[in-house]
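What follows is a single structure, written as structure tokens, with notes after it.
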Amino acid sequence: MIIRYWTVLLFIISVISISLALIAEYFFNLQPCELCLKQRHPYYLILICLVFIFLLKNLNKIWFYFIIQSASIYGLFYSVWHVGVENKILKGPAGCTAMLTNSESASDLKEQILSKQVISCDEVIWSFFGISAASINTLVLLVIFIFNAIYLYKNYGFKKEKNI
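Position one of the sequence shown corresponds to residue 27 (this note's numbering), numbered consecutively onward.
Below is the structure:
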């Protein structure tokens with residue numbers, strides 16, 4: 027049932043994911059960190075692919091589903107990395123933490139302050155029942171990855187030839 031309506035379900039999941047992120051940012055003033063912003067990229071790419079899938083009926087759509095699969099891998103990389111940074115297991119990208127290094131000159135300290143982001147990647151700014159937004163995003167992207175792989179296999183996988 028899920029595989030039959032996978033394209034529509036994928037569209038709904040992507041729209042809800044992006045909408046919730048944008049609502050949190052613009053209506054609840056929860057500013058995203060650098061890794062949060064990178065986790066949005068797959069959803070934008072998935073939505074663009076789905077527009078082509080919906081509009082171009084007579085086109086071989088396998089390449090769009092491969093792009094969706096690649097986008098989910100990209101998103102999983104950044105979301106797992108973000109969960110690791112939040113849990114102090116992994117180190118975030120340069121400029122992602124709010125901590126300053128010791129400095130002897132005021133100009134060096136000023137440069138550090140101005141170059142750092144206001145939002146730190148290692149702090150959880152929003153969670154639902156103790157699960158961070160990055161963890162939820164990891165689960166959503168994992169579901170997309172798994173079901174898209176199943177969809178690709180069912181619709182474009184190798185089929186046995188029947189001997190008559």
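By construction, the Cβ of each residue, glycine as well, lies at the ideal position given by its N, Cα and C atoms.
Have a look at residue i and residue j and give me their C-alpha separation to the nearest angstrom.
i      : j      : result
Ile99  : Leu167 : 8 Å
Phe78  : Val109 : 32 Å
Val34  : Ser40  : 10 Å
Ala175 : Ile157 : 26 Å
Asn80  : Arg30  : The amino acid at residue 80 is misidentified as Asn; the sequence shows Phe. Those two C-alpha atoms are separated by around 15 Å.
Phe54  : Ala159 : 14 Å
Asp148 : Asn113 : 7 Å
Glu130 : His67  : 39 Å
Against chain B, with Cβ distances strictly below 8 Å, would residue i count as a contact?
i     : result
Cys75 : The structure shown contains no chain B, having only a single protein chain.
Could you say which of the options lies nearest to residue i if we only look at CA atoms?
i      : options                      : result
Ile151 : Gly183, Gln95, Leu61, Leu165 : Leu61
Cys75  : Ile88, Leu63, Lys64          : Ile88
Ala97  : Leu73, Leu35, Glu112, Ile176 : Leu73
Ile170 : Asp134, Ile93, Ser158        : Ile93
Cys59  : Phe154, Ile49, Ile145        : Ile145
Pro119 : Ile49, Lys83, Leu46, Leu63   : Leu63
Is residue j closer than 8 Å to residue i when the C-beta atoms are compared?
i     : j      : result
Ser43 : Tyr69  : yes
Trp32 : Phe184 : no
So, at 6 Å on beta carbons, what are the nonlocal neighbours of residue i in its own chain, with the 5 sequence-adjacent residues on each side left out?
i      : result
Asn163 : Gln65, Ser105
Leu178 : Tyr91
Phe37  : Leu76
Ala50  : Leu56
Going along the chain, which residues of its own chain have a beta-carbon closer than 7 Å to the beta-carbon of residue i, five neighbours each way excluded?
i      : result
Leu107 : A small fix is needed here, since residue 107 is Trp in this sequence, not Leu. Contacts found: Leu61, Leu116.
Tyr182 : Ile88
Exercise for the section: Could you name each continuous alpha helix (DSSP H) segment of 4 residues or more that falls completely within the segment 39 to 112, going from the start of the chain to the end? Expected result: You should have 60 to 64, 67 to 81, 88 to 112.
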